[in-house]
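> Residue numbers (UniProt numbering): 1 to 403. Just so you know, even glycine gets a beta-carbon here, dropped at the ideal spot from N, CA and C. Below is the structure I would like to discuss, written out as structure tokens.
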């Protein structure tokens, strides 16, 4: 059975002429225009869409042959030229066609500064969030019932299509956002706009979120608040995502496996004879760290304390280890008298045996401190000066000066 739904909307027969279709459209559009009949918004849309199809010879031919489903499928299995046909199925309640999922809004990302102590102990903080929510006064419509109408300039598409000629018998299609409706596909008169949202359909409000930073969380870890993003009509709200930004600690460094590292400078005496010091931990405890005499600490040595690192995320009773990397501070020159030096030598292991070489090729030299900024800025170039009669010799690449 042939589909006559669009003809019935315009009140004409399937054999109606173009002028008859146009005449009935203008009559019905005038009667059901939202400016005159605010409650007839959907009826006006149906009339506009019906005329859009029946006034186009190709679309009318496709509709007469295949019906609304044929329009959506583009005739004989092709794709529809634009999204207009999907709107027919929504308005006429025919369903089917292309499946449409609900659009989803963008996520909102906030950075939260936390300290290493916060990640060790856990923390709950409040975040003040400014977001858009559906206007409760107009329920997200933007105005009174029937006030929102399809944009006349773009026929509700939100985009305008123009054609540009760039060669003999050649044109190209250009798309741009409709400036009349700002890409929304609909307009509303000033007098009909909602007094609360001014036609924007959403209002801004402030919400307080409680952010729970759990023990053992890591830098850049994300905390999700599902569906707390900005709201828009017919759109699923996005998420609010909190990203942890950890401030650098003055004492502790954290490794990916939840170990903690500190650097400790000790004297040569402590390295040889033992030491003890107190470390203030991230939870405020004082850890007494001791090292006995005779167990020599060398520069760069790494010593550990089991179970005093960061708590593991989701398992805070288990912790990593605490490691101490040692640096040795040696005494200044002439720190001891000659007699004291002899005493030190008698305690320390003896020097290795030294055999003095003999012969004319033996030359004694002295060590000096290395000072980088005393090196010549000219690199490898050298200049030698001699008597007036001698030539000046310069580095590679420079010819000698001839008299």
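Which residues in the same chain as residue 5 place their Cβ atom closer than 6 Å to its Cβ, once the five residues preceding and following it in sequence are excluded?
none
> Leaving aside the five residues before and after residue 283 along the sequence, list all residues of the same chain whose C-beta is less than 8 Å from its C-beta, in chain order.
117, 120 and 121
> Assuming residue 249 and residue 197 are in contact, meaning their beta carbons sit under 8 Å apart, how far apart are those beta carbons, in whole angstroms?
Between residue 249 and residue 197 a beta carbon distance of about 47 Å is seen, past the 8 Å cut, so the two are scored as non-contacting.
> So which of 288, 370 and 271 has the shortest CA-CA distance to residue 331?
271
> Can you find at least 3 beta carbon pairs, one from the stretch 263-281 and one from the stretch 132-150, that sit closer than 8 Å?
no
> Cutting at 8 Å between CB atoms, please list the residues of its own chain near residue 289, excluding the five before and the five after it.
If we look at residue 289 and ignore the five residues flanking it on each side, its Cβ neighbours are 276, 277, 278, 279, 305 and 324.
> Got a sec? Which residues, its chain only, sit under 7 Å from residue 316 by beta carbon, not counting five neighbours each side?
Here the set comprises 215 and 216.
> Please check the pair residue 173 and residue 188, which I expect to be a contact at CB under 8 Å, by giving their CB distance rounded to whole angstroms.
That belief does not hold up - the Cβ atoms of residue 173 and residue 188 are roughly 29 Å apart, past 8 Å.
> Hey, could you find the ends of the alpha helix (DSSP H) residue 269 is sitting in?
268-273
> Which value, in whole angstroms, describes the spacing of the CA atoms of residue 293 and residue 245?
42 Å
> Any idea what DSSP makes of residue 370, helix, strand or coil?
coil
> Going by DSSP, name the residue or residues bridged to residue 276.
BP columns for residue 276 point to 290.
> Here's the rule: buried if 16 or more other CB atoms are within 10 angstroms of the residue's CB, otherwise exposed. What is residue 48?
Counting every other CB atom within 10 Å of its CB across the protein chains shown gives residue 48 a total of 16 or more, marking it as buried.
> For the structure I just gave you, are there three or more beta carbon pairs, one from the stretch 141-156 and one from the stretch 103-117, closer than 8 Å?
By the Cβ test, the stretch 141-156 is not in contact with the stretch 103-117, since fewer than three Cβ pairs between them sit closer than 8 Å.
> Would you list the one or two residues that DSSP bridges to residue 109?
241
> In whole angstroms, give me the CA-to-CA distance for residue 366 and residue 356.
Going from the Cα of residue 366 to the Cα of residue 356 covers about 16 Å.
> Give the list of continuous beta strand (DSSP E) stretches no shorter than 3 residues that lie fully inside the UniProt domain "CR-type" (122-206).
123-134, 159-167 and 170-177
> Which first and last residues belong to the alpha helix (DSSP H) in which residue 28 is found?
18-32
> When the Cβ atoms of the stretch 205-212 are set against those of the stretch 125-133, are three or more pairs found closer than 8 Å?
Touching, yes, given that three or more Cβ pairs across the two stretches are closer than 8 Å.
> Is it buried or exposed for residue 157, if we count other Cβ within 10 angstroms and need 16 for buried?
Result: buried.
> By DSSP's criteria, residue 209 is part of a beta bridge. Which residues make up the other side?
127
> When you compare the stretch 334-350 with the stretch 232-241, are there three or more beta-carbon pairs, one atom per stretch, that lie closer than 8 Å?
no
> Considering only the alpha carbon of each residue, which of 224, 175 and 143 lies closest to residue 200?
143
> What three-state label does DSSP hand residue 406 in the structure shown?
Since the first and last residues shown for the chain are 1 and 403, residue 406 lies out of range.
> For residue 45, is the classification buried or exposed, using 16 other Cβ atoms within 10 angstroms of its Cβ as the cut-off for buried?
buried
> Taking Cβ to Cβ, would you say residue 32 is nearer than 7 Å to residue 51?
no
> Helix, strand or coil: how does DSSP classify residue 118 here?
helix
> Between residue 127 and residue 10, how many whole angstroms is the CB-CB distance? I'm expecting something under 8 Å.
In fact, because the Cβ distance is near 55 Å, the residues do not count as touching under 8 Å.
> For residue 229 versus residue 240, is the C-beta distance shorter than 7 Å?
The criterion of a C-beta distance shorter than 7 Å is satisfied by residue 229 and residue 240.
> If you drop the 5 nearest sequence neighbours on each side, which residues of the same chain put their C-beta closer than 6 Å to that of residue 242?
110, 112, 211 and 223
> Since residue 61 sits in a beta bridge, which residues does DSSP pair it with?
In DSSP, residue 61 forms no bridge with anything.
> From the DSSP output, which residues share a beta bridge with residue 246?
114
> So what does DSSP say about residue 77, is it helix, strand or coil?
In this predicted model, residue 77 has a pLDDT of only 38, less than 50, meaning its place in the structure is not dependable; the value taken from the coordinates is given anyway. Of the three classes helix, strand and coil, the one that applies to residue 77 here is coil, per DSSP.
> List the endpoints of the continuous beta strand (DSSP E) containing residue 329.
In the DSSP assignment, residue 329 falls within the unbroken beta strand (DSSP E) covering 322-329.
> Mind checking whether residue 258 and residue 291 have CB atoms under 7 Å apart?
no
> Residue 224 by DSSP, collapsed to three states: which one?
strand
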